[in-house]
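So the sequence shown is numbered by numbering that gives the first Met the number 0: it starts at 0 and just counts up by one.
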Amino acid sequence: MNERISSQPLLHMGAFEAELYWREDDLATLPALPDKEAEKIVTAMDELLFTFCQPGDLLFTRYAMEPAQRQYVHQLGFSVYGNTQDLEMDASKIKDQILAGQDQTMAAINRLSTGKQAGMSARPVSVFQWMEQQDEQLAEQFPLSTMSLSPFAWIPHIEELNQRFGIGYHAPELEVVKRVNTKHYSAQMKQTLNLSGVGVLVESSEELVEKGSEWLKEGSFLIKDNYGVSGKGNMLIDSPELLVRIGHGLHKQEEKGKKVQFLIEKYLQKERDFSCQFHIDPQGQIEMLSVQWLANSQFAYRESLSPDPAFMMRLEQEGYFALMEQIGKQLYQDGYFGHVCIDSMVLQDGSLEPMVEINARKSMSLIKHQMDQYLRTYGQVGNMTNYNVSHTGEVSHEQLLHLLDQANLLYLPNRQQGIIPLTSSALHINHRFRNDNKKHKGRIYLSVVASHDHIKQQLLTQFEQLLETNQFSILN
Numbered sequence: 000m001n002e003r004i005s006s007q008p009l010l011h012m013g014a015f016e017a018e019l020y021w022r023e024d025d026l027a028t029l030p031a032l033p034d035k036e037a038e039k040i041v042t043a044m045d046e047l048l049f050t051f052c053q054p055g056d057l058l059f060t061r062y063a064m065e066p067a068q069r070q071y072v073h074q075l076g077f078s079v080y081g082n083t084q085d086l087e088m089d090a091s092k093i094k095d096q097i098l099a100g101q102d103q104t105m106a107a108i109n110r111l112s113t114g115k116q117a118g119m120s121a122r123p124v125s126v127f128q129w130m131e132q133q134d135e136q137l138a139e140q141f142p143l144s145t146m147s148l149s150p151f152a153w154i155p156h157i158e159e160l161n162q163r164f165g166i167g168y169h170a171p172e173l174e175v176v177k178r179v180n181t182k183h184y185s186a187q188m189k190q191t192l193n194l195s196g197v198g199v200l201v202e203s204s205e206e207l208v209e210k211g212s213e214w215l216k217e218g219s220f221l222i223k224d225n226y227g228v229s230g231k232g233n234m235l236i237d238s239p240e241l242l243v244r245i246g247h248g249l250h251k252q253e254e255k256g257k258k259v260q261f262l263i264e265k266y267l268q269k270e271r272d273f274s275c276q277f278h279i280d281p282q283g284q285i286e287m288l289s290v291q292w293l294a295n296s297q298f299a300y301r302e303s304l305s306p307d308p309a310f311m312m313r314l315e316q317e318g319y320f321a322l323m324e325q326i327g328k329q330l331y332q333d334g335y336f337g338h339v340c341i342d343s344m345v346l347q348d349g350s351l352e353p354m355v356e357i358n359a360r361k362s363m364s365l366i367k368h369q370m371d372q373y374l375r376t377y378g379q380v381g382n383m384t385n386y387n388v389s390h391t392g393e394v395s396h397e398q399l400l401h402l403l404d405q406a407n408l409l410y411l412p413n414r415q416q417g418i419i420p421l422t423s424s425a426l427h428i429n430h431r432f433r434n435d436n437k438k439h440k441g442r443i444y445l446s447v448v449a450s451h452d453h454i455k456q457q458l459l460t461q462f463e464q465l466l467e468t469n470q471f472s473i474l475n
């Protein structure tokens, strides 16, 4: 993965909800239950980027990594240095406008800090915007002008941040990044490559109901938001009544000035999801990095697993990797370079659906690949998964690490198996600004290091029992 185009060390940062920043504010949305606590958790996922850190690199996260977690990843052998204070600030401490054209009243600033600007869809202020607000002490503390930025995804405000602190970067045009990450672009790519299952873009509620009614005659179909986020922006339509109800809701949004822009796509009876990760360098050279099985729940990421050699051989024999090369070349011709993750499927009839959609950014499975490389140095293998939990916040992350260690569940390089907690802030993020002793949602990402599947299951069972014994309610 030749991201290091010079001898410059990398500054790793990222917003894992990149689609929110690519999405235009005047687009209509599909119905969804709001979950503010889950949204807050996503803003704390950038700690996962420690897996990319090499000596000399920096990792800046929206919320500072817990000291106990930083010490633990150092024990694992990762070189992780960066901010020890949160980049996110109290709204009252903001010195400048974060967004051009925003008025300077405190009410406006408070709306901004929570992503509630008038006329905008709710989105959090990004980690890049928060960092842009830091004073010069940050540049004095860290050698930012000697670094090159490596983000999870290219989103707005990166250029302004880099100019302020003199950080190097080599990125495709932002408008290109936005375009190649749309569901419409994925459909166009399928058409270009003569693949089956090409979706259709609909641009009005009337067109959605008209075309959807025709599609229902052939079976169920999916409505996909053009900038759909994992777990959101997809809806399965399996009846005329549901289609009419969705169409009616979208028409109401149109009357308020919103634009309809969705892809409709045949619903495929899948057996299993998998994905392919590759990297396109600025000269157009493509490097295949990994393939990962995926376990998804409700269209959202749940787990990444390594495929067996027989499946990899099948992909080679059926021309899958040659197709990935073609996709990479077309992306480069269209102006994109950088990380790519292609979502794919094995269908229930055993056939491959080689390209479901394109994600032109880093991915959860690429992070799993980074852990694979780390564990390979010890001759070990692992998966990557997560637990959504509800808890009172009484057990700190440091205490959780201690409990895992006491139970011989915590992985260390001198142990042959165990649990590697990959994040800290996401577990307690919804308790940080509350002191109400109530249960709030948190999430912990982890890798389970085990030589066999039955050992992995034993470790996960023990981990779940440890969580429940310490008053964590498991939600997934």
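All C-beta atoms in this analysis are idealised placements derived from N, C-alpha and C, irrespective of residue type, glycine included.
Problem set entry | Whole-angstrom distance between HIS278 and GLY318, CA atom to CA atom | 19 Å
For this session: Just grab the DSSP bridge partners of ASN180 for me.
Result: Bridge partners of ASN180: none, in fact.
Exercise. Taking all protein chains shown into account, do 16 or more other C-beta atoms lie within 10 angstroms of the C-beta of VAL243, making it buried, or fewer, making it exposed?
Worked result: exposed
For this session: Can you tell me which of LEU47, GLN369, GLU18, PRO150 puts its alpha carbon nearest to the alpha carbon of HIS11?
Result: PRO150
For this session: Would you tell me roughly how many angstroms separate the C-alpha atoms of SER423 and ASP224, rounded to the nearest one?
Result: 31 Å
For this session: Check whether the Cβ atoms of THR83 and ILE428 sit closer than 9 Å, and answer yes or no.
Result: no
Exercise. Which whole-angstrom value describes the C-beta separation of ALA476 and ALA186, a residue pair presumed to lie in contact below a C-beta threshold of 8 Å?
Worked result: Past the boundaries of the shown model lies residue 476; the chain is included only from 0 to 475, so the question cannot be answered.
Problem set entry | Selected residue, minimal CA-CA separation from VAL339, among LEU365, SER204, LYS210 | LEU365
Exercise. Which parts of the segment 363 to 400 are runs of the alpha helix (DSSP H), unbroken and 4 residues or longer, counting only runs that do not cross its ends?
Worked result: 363 to 375
Problem set entry | Contact set for GLY76: own chain, Cβ-Cβ below 7 Å, skip 5 residues either direction | PRO412
Problem set entry | Alpha-carbon to alpha-carbon, ASP56 and GLN461 | 35 Å
Exercise. Rounded to a whole number of angstroms, what is the C-alpha to C-alpha distance between LEU346 and GLU302?
Worked result: 19 Å
Exercise. Relative to the alpha-carbon of GLY122, which residue among GLY211, ASP24, LYS177, GLY218 has its alpha-carbon at the smallest distance?
Worked result: The question names Gly, but residue 122 in the sequence shown is Arg. For the residues GLY211, ASP24, LYS177, GLY218, the minimum Cα distance to ARG122 belongs to ASP24.
Exercise. Could you give the uninterrupted runs of the alpha helix (DSSP H) lying entirely in the segment 219 to 271, keeping only those of 4 residues or more?
Worked result: 239 to 254
For this session: Between the Cα of LYS210 and those of LYS35, SER343, ASP435, PHE261, spot the shortest distance and give me the residue it belongs to.
Result: PHE261
Exercise. ILE154 and TYR373 look like a contact to me (Cβ under 8 Å); what is the Cβ gap, rounded to whole Å?
Worked result: That pair is no contact at about 27 Å.
Problem set entry | Three-state class that DSSP yields for ASN469 in the structure shown | coil
For this session: List the whole-angstrom C-beta distance separating TYR551 from GLY283, where the pair is believed to meet the contact cut-off of C-beta under 8 Å.
Result: The displayed coordinates of the chain run from 0 to 475. Any statement about residue 551 would go beyond what the structure contains.
Exercise. Can you tell me where the alpha helix (DSSP H) with LEU426 in it begins and where it stops?
Worked result: 424 to 427
Exercise. Is it true that the segment 62 to 77 meets the segment 393 to 405, where meeting means three or more beta-carbon pairs spaced less than 8 Å apart?
Worked result: yes
Problem set entry | Where HIS430 falls, given that 16 or more other Cβ within 10 Å makes a residue buried | buried
Exercise. Which two residues bound the contiguous beta strand (DSSP E) that contains PRO420?
Worked result: 417 to 420
Exercise. Cα-Cα, which of GLU2, ALA449, LEU32, GLN7 is closest to LYS231?
Worked result: LEU32
For this session: Would you kindly work out how many angstroms separate the C-alpha atoms of VAL290 and SER78, rounded to a whole number?
Result: 26 Å
Exercise. If you drop the 5 nearest sequence neighbours on each side, which residues of the same chain put their C-beta closer than 6 Å to that of LYS177?
Worked result: TRP21
Exercise. Grouping DSSP H, G and I as helix and E and B as strand, with all else coil, what is ILE341?
Worked result: strand
Problem set entry | For ILE222 and LEU426, the rounded distance between their alpha carbons | 32 Å
Exercise. Residues in its own chain within less than 7 Å of SER204 by CB, not counting five upstream and five downstream?
Worked result: GLY246, LEU249, HIS250, GLU253, VAL259
Exercise. Once you ignore the five residues that flank GLU315 on each side, which residues in its own chain have a CB closer than 8 Å to its CB?
Worked result: none
Exercise. Excluding sequence positions up to five away, which residues of its chain have a Cβ less than 7 Å from the Cβ of SER355?
Worked result: Correcting the residue type first, residue 355 is Val in the shown sequence and not Ser. Excluding positions up to five away in sequence, the list reads ASP342, SER343, MET344.
Exercise. Whose CA, out of LEU267, LEU459, MET287, VAL208, lies closest to the CA of LEU322?
Worked result: MET287
Exercise. Is the segment 190 to 209 touching the segment 44 to 56, taking contact as three or more C-beta pairs under 8 Å?
Worked result: no
Problem set entry | CA-to-CA distance, GLN325 to LEU267, given in whole angstroms | 23 Å
Exercise. To the nearest angstrom, how far is it from the Cα of ASP272 to the Cα of TRP292?
Worked result: 6 Å
Exercise. Going by the CB atoms, is the gap between ILE454 and GLU463 shorter than 9 Å?
Worked result: no
For this session: Return no unless some Cβ of chain E is closer than 9 Å to the Cβ of LYS455.
Result: Checking the listed chains, one finds no chain E in this structure; it contains a single protein chain.
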